[in-house]
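Colleague: Residue numbers (our numbering), protein chains in the order written: chain A, 10 to 376; chain B, 10 to 376.
Number of protein chains: 2
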Amino acid sequence: MIFRYYLPTRLFFGWDALKREGGYLKSLGSRLLVVMGPRSARECGLWDDLQNLGRRYGIEWIIYDRVRANPDLAAVKEGLEVAKEEKVEGVLGAGGGSPLDVAKAIALLANNSVPPENLYEGDFPNPPLPLGAIPTTAGTGSEVTPYAVFSLHHLKTKRGFAHEGCFPRVAWVDPRYTLTLSRELTIDTALDALSHAVEGYLSRRASPYSDILAREALRLWGKRREQLLEGDYTPEFRQDLLWASTLAGMVIAHTRTTVLHTLGHYLTYHKGTPHGRANGYFLAAYLEFVRPAVEARVGEILAALRLRDLLELRDFIRELLPPPPMVEQGEREKWARMALTHTHALELTARLPQYRDLLNILESSLS
Amino acid sequence: MIFRYYLPTRLFFGWDALKREGGYLKSLGSRLLVVMGPRSARECGLWDDLQNLGRRYGIEWIIYDRVRANPDLAAVKEGLEVAKEEKVEGVLGAGGGSPLDVAKAIALLANNSVPPENLYEGDFPNPPLPLGAIPTTAGTGSEVTPYAVFSLHHLKTKRGFAHEGCFPRVAWVDPRYTLTLSRELTIDTALDALSHAVEGYLSRRASPYSDILAREALRLWGKRREQLLEGDYTPEFRQDLLWASTLAGMVIAHTRTTVLHTLGHYLTYHKGTPHGRANGYFLAAYLEFVRPAVEARVGEILAALRLRDLLELRDFIRELLPPPPMVEQGEREKWARMALTHTHALELTARLPQYRDLLNILESSLS
């Protein structure tokens with residue numbers, strides 16, 4: 010057995026990380042496309058900081074700020090056109106997972122003659138444009154992964170895209186930009202980070218390296234679990250959750266995700282359930298299913314989360330989240346069948362699920 | 010407070026890492042300088058493997074195999090001349106810390122018009138030649154750091170050189186190549202890894218990231234401590250110690266080393282004491298000195314090493330090593346004065362030592 014480690018992103022983590030190390034923006038170029046959502050990067054103060062740093066370091070910002078949650082390839086296409094028209098030298102993703110992922114695809118496609126609709130099948134002889142990332146949620150981990158996830162309408166779900174060149178060259182990870190997140194968004198994104206740590210720790214590609222990081226992410230999450238429920242979001246809470254999220258991103262950069270994410274994507278695509286929340290609904294049943302194959306590790310996860318058993322996890326998540334959306338039996342069956350075709354995620358899952366297992370997870374989680 | 014993470018090396022760790030992932034040798038070029046010592050890379054089977062892989066992947070090897078322990082800049086100069094004459098496309102360091110460090114300097118200087126004797130003062134506008142590393146000892150960690158250490162005769166000591174470009178692009182870390190290490194070399198190099206983990210964990214530049222790795226390195230070292238003394242070197246022992254060494258290298262890649270290394274370098278330069286062993290002699294007294302500033306962390310280190318107290322650590326190291334070399338009082342005083350000028354290492358030390366403190370460490374360790 011050998012394992013790999015590869016994480017070329019230069020990371021600055023902590024309070025005022027961007028303001029203190031804004032000079033590294035210049036390493037992306039002096040004419041940069043900033044990819045944002047319509048609001049979050051502005052509301053949390055990040056856009057103001059970028060404008061100030063742009064003046065200080067002579068960086069011209071070209072704005073593409075129309076990225077919505079669960080972006081599709083049309084968003085990539087639109088942003089790519091801006092990047093090409095404006096001849097930008099680099100791309101900065103600033104926001105939640107969606108702007109970060111769109112920024113990755115734009116940077117890659119801007120340097121390769123592959124149309125956005127062929128992103129998943131394309132050959133990419135050239136490296137992407139220099140790429141930076143600044144997360145404003147504590148969940149995605151995208152700032153330290155080579156992945157981007159898009160809604161694919163022909164498949165009627167979201168699916169992850171991976172390309173080594175899509176590791177951001179630089180990531181500034183500052184808890185300040187997460188201070189103003191609503192309780193709802195804090196919880197939803199925290200569950201995304203949690204599912205990364207859990208899935209990575211139980212992945213068949215887990216390694217001695219990813220394990221160290223996963224354990225620390227789980228420990229931090231466990232330390233802040235009660236506070237997450239109570240809504241008592243201190244700066245220390247923000248910092249720990251953001252670091253847990255970045256660590257969990259480093260984990261899946263090495264392990265990828267598993268069938269929990271596959272199921273979550275259906276709920277997000279078809280019912281509009283926020284990504285992390287969708288994973289949260291399935292988490293307890295997923296752990297119940299894989300437990301026979303990874304009993305000791307599931308025990309370690311529960312201990313790190315300061316939970317007695319899976320029942321307590323299920324109760325905790327029920328208390329944390331609104332009730333799941335209605336999903337009819339026929340639709341659940343369809344999703345279980347679809348998930349069976351997602352062989353890559355199945356193979357990395359600690360226990361190989363059959364149709365019946367997938368349906369069980371869906372049924373017990375959504376009722 | 011912010012912290013940085015940056016470790017762009019692509020790492021393959023485990024049994025047959027090189028044989029399985031030898032294709033990545035091609036990413037360094039097809040005409041490569043391999044930097045080795047006169048014996049170790051041959052005796053452990055690494056050179057055979059490289060020749061086979063060279064045939065398979067069409068790589069031509071140019072050999073520079075005259076690197077001795079504690080290399081000076083003359084070795085760099087000699088290897089550099091071979092690299093230039095032979096117009097190599099990349100450089101591979103294969104062996105203990107010395108060949109790895111020489112390979113780094115050669116790769117950097119081959120692409121920049123700085124003479125070897127000006128390595129420490131040079132400007133390096135160009136990145137080094139593509140650089141790979143294959144360690145054959147479990148101690149240096151050089152395969153995942155941007156550092157190289159050389160004997161500097163005008164300073165009468167060894168001193169570390171750092172350049173971000175000197176992170177190896179690829180590192181193959183295979184415990185197989187450490188299977189044949191003698192007991193003496195195993196112990197000496199293991200103490201190097203230990204001092205990296207300890208110094209990194211107590212460094213003023215320690216970060217939440219380096220801490221995770223340092224704790225794991227210390228845990229693995231502690232798990233194998235008794236076995237190290239007993240000489241019972243199983244494959245599992247080799248694997249754990251090598252992984253601890255690589256982790257500890259990742260730690261100092263972020264924290265650098267501290268005054269313990271400074272003192273160790275004097276003993277190595279002036280008395281020929283192997284590097285790791287030299288650090289080992291000073292370890293207990295160093296911990297005794299810094300303890301008032303980092304009481305809890307010193308306790309964690311002892312717990313990870315499965316030791317009751319510093320006295321037990323001192324006894325353990327006395328049992329592990331031959332008696333230290335004779336160093337006369339006047340020489341100790343000179344070293345203590347010299348160490349005071351090494352401000353960078355002093356500043357990173359958890360407690361700032363005065364002349365008297367340094368002399369105390371030297372006296373209590375060398376008697």
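The C-beta atom is built at its ideal place from N, Cα and C for all residues, glycine as well.
Buried or exposed: which applies to A/Gln-248, given that a residue is buried once 16 or more other Cβ atoms fall within 10 Å of its Cβ?
Modeller: buried
Colleague: Check A/Trp-181 in the structure and name its three-state DSSP category.
Modeller: strand
Colleague: For the segment 232 to 258 of chain A, which segments carrying the alpha helix (DSSP H) assignment without a break, of at least 4 residues, lie completely within its bounds, in sequence order?
Modeller: 234 to 239
Colleague: Which residues does DSSP list as the beta-bridge partners of B/Ile-8?
Modeller: Lying outside 10 to 376, the shown extent of chain B, residue 8 of chain B is not represented and no answer is given.
Colleague: Mark A/Arg-64 as exposed unless 16 or more other C-beta atoms lie within 10 angstroms of its C-beta, in which case mark it buried.
Modeller: exposed
Colleague: Between B/Tyr-14 and chain A, is any beta-carbon pair separated by less than 8 Å?
Modeller: Yes, B/Tyr-14 counts as interfacial toward chain A.
Colleague: Return the first residue and the last residue of the alpha helix (DSSP H) that B/Thr-149 is part of.
Modeller: Unbroken run through B/Thr-149: none, as it is neither H nor E.
Colleague: For A/Leu-34 versus A/Gly-141, is the C-beta spacing smaller than 8 Å?
Modeller: yes
Colleague: Reducing DSSP to helix, strand and coil, say where B/Glu-104 ends up.
Modeller: Reading off the sequence shown, one finds Gly at residue 104 of chain B, where the question assumed Glu. Three-state DSSP puts B/Gly-104 in a strand.
Colleague: Would you kindly work out how many angstroms separate the C-alpha atoms of B/Gly-281 and A/Ser-151, rounded to a whole number?
Modeller: 49 Å
Colleague: Between the Cα of A/Ser-254 and those of A/Thr-145, A/Leu-117, A/Asn-79, spot the shortest distance and give me the residue it belongs to.
Modeller: A/Thr-145
Colleague: Can you pull the DSSP bridge partners for B/Gly-169?
Modeller: B/Val-158
Colleague: Can you check whether the CB of B/Leu-272 is closer than 8 Å to the CB of B/Arg-371?
Modeller: For the record, residue 371 of chain B in the displayed sequence is Leu; it is not Arg. Taking 8 Å as the Cβ cut-off, B/Leu-371 and B/Leu-272 qualify as a contacting pair.
Colleague: My assumption, with CB atoms under 8 Å, is that A/Tyr-266 sits in contact with A/Ala-354. Please give the rounded CB distance.
Modeller: It should be noted that the sequence gives Thr, not Tyr, for residue 266 of chain A. Sure, about 7 Å apart at Cβ, within 8 Å.
Colleague: Determine, for B/Glu-309, whether the minimum Cβ-Cβ distance to residues of chain A falls below 8 Å.
Modeller: no
Colleague: Please list the terminal residues of the continuous alpha helix (DSSP H) segment that includes A/Gly-388.
Modeller: Shown here, chain A extends from 10 to 376; a query on residue 388 of chain A therefore has no answer.
Colleague: Looking at the C-beta of B/Pro-184, does it have a partner C-beta in chain A at a distance below 8 Å?
Modeller: no
Colleague: Using a Cβ-Cβ cut-off of 8 Å, state whether A/Phe-22 counts as contacting chain B.
Modeller: yes
Colleague: Does the CB of A/Met-10 have a neighbour CB from chain B at under 8 Å?
Modeller: With 8 Å as the cut-off, A/Met-10 counts as an interface residue toward chain B.
Colleague: According to DSSP, is B/Arg-64 part of a helix, a strand, or is it coil?
Modeller: helix
Colleague: Among all the DSSP beta bridges, which residues are the ones paired with B/Asp-72?
Modeller: Checking the sequence shown, residue 72 of chain B turns out to be Ile, not Asp. DSSP output for B/Ile-72 lists B/Val-43 as bridge partner(s).
Colleague: If we call anything under 8 Å between Cβ atoms a contact, is B/Pro-17 one with A/Pro-17?
Modeller: yes
Colleague: Does any CB atom of chain B fall closer than 8 Å to the CB of A/Leu-222?
Modeller: Between A/Leu-222 and chain B, the shortest Cβ-Cβ separation is below 8 Å.
Colleague: Hey, is A/Trp-344's beta-carbon within less than 8 Å of any beta-carbon in chain B?
Modeller: It does not; no Cβ of chain B falls within 8 Å.
Colleague: Which residues mark the beginning and the end of the alpha helix (DSSP H) in which B/Leu-138 is found?
Modeller: Here B/Leu-138 belongs to no alpha helix (DSSP H), and DSSP marks it neither H nor E.
Colleague: Looking at chain B, which residues of the segment 67 to 87 of chain A have a Cβ within less than 9 Å of any of its Cβ atoms?
Modeller: In summary, no residue of the segment 67 to 87 of chain A has a CB separated from any CB of chain B by less than 9 Å.
Colleague: Could you give the residue range of the alpha helix (DSSP H) that holds A/His-353?
Modeller: 352 to 357
Colleague: Indicate whether B/His-263 and B/Tyr-14 have their beta-carbon atoms separated by less than 8 Å.
Modeller: Inclusion of B/His-263 and B/Tyr-14 in the CB contact set at 8 Å is warranted, their separation being smaller than that value.
Colleague: Within a Cβ cutoff of 6 Å, which residues of the same chain sit near A/Pro-279, ignoring the five residues on either side of it in sequence?
Modeller: Correcting the residue type first, residue 279 of chain A is His in the shown sequence and not Pro. Answer for A/His-279: no residue qualifies.
Colleague: Residue range of the alpha helix (DSSP H) that B/Ala-84 falls in?
Modeller: According to the DSSP assignment, B/Ala-84 belongs to the alpha helix (DSSP H) that extends over 82 to 94.
Colleague: For a cutoff of 8 Å on Cβ pairs, would you count B/Asp-25 as touching chain A?
Modeller: yes
Colleague: By Cβ distance below 8 Å, which residues in the same chain neighbour A/Ser-204 in space, the five residues on each side in sequence not counted?
Modeller: Thr-266, Leu-269, His-270, Gly-273, Gly-285, Asn-288, Gly-289, Leu-292
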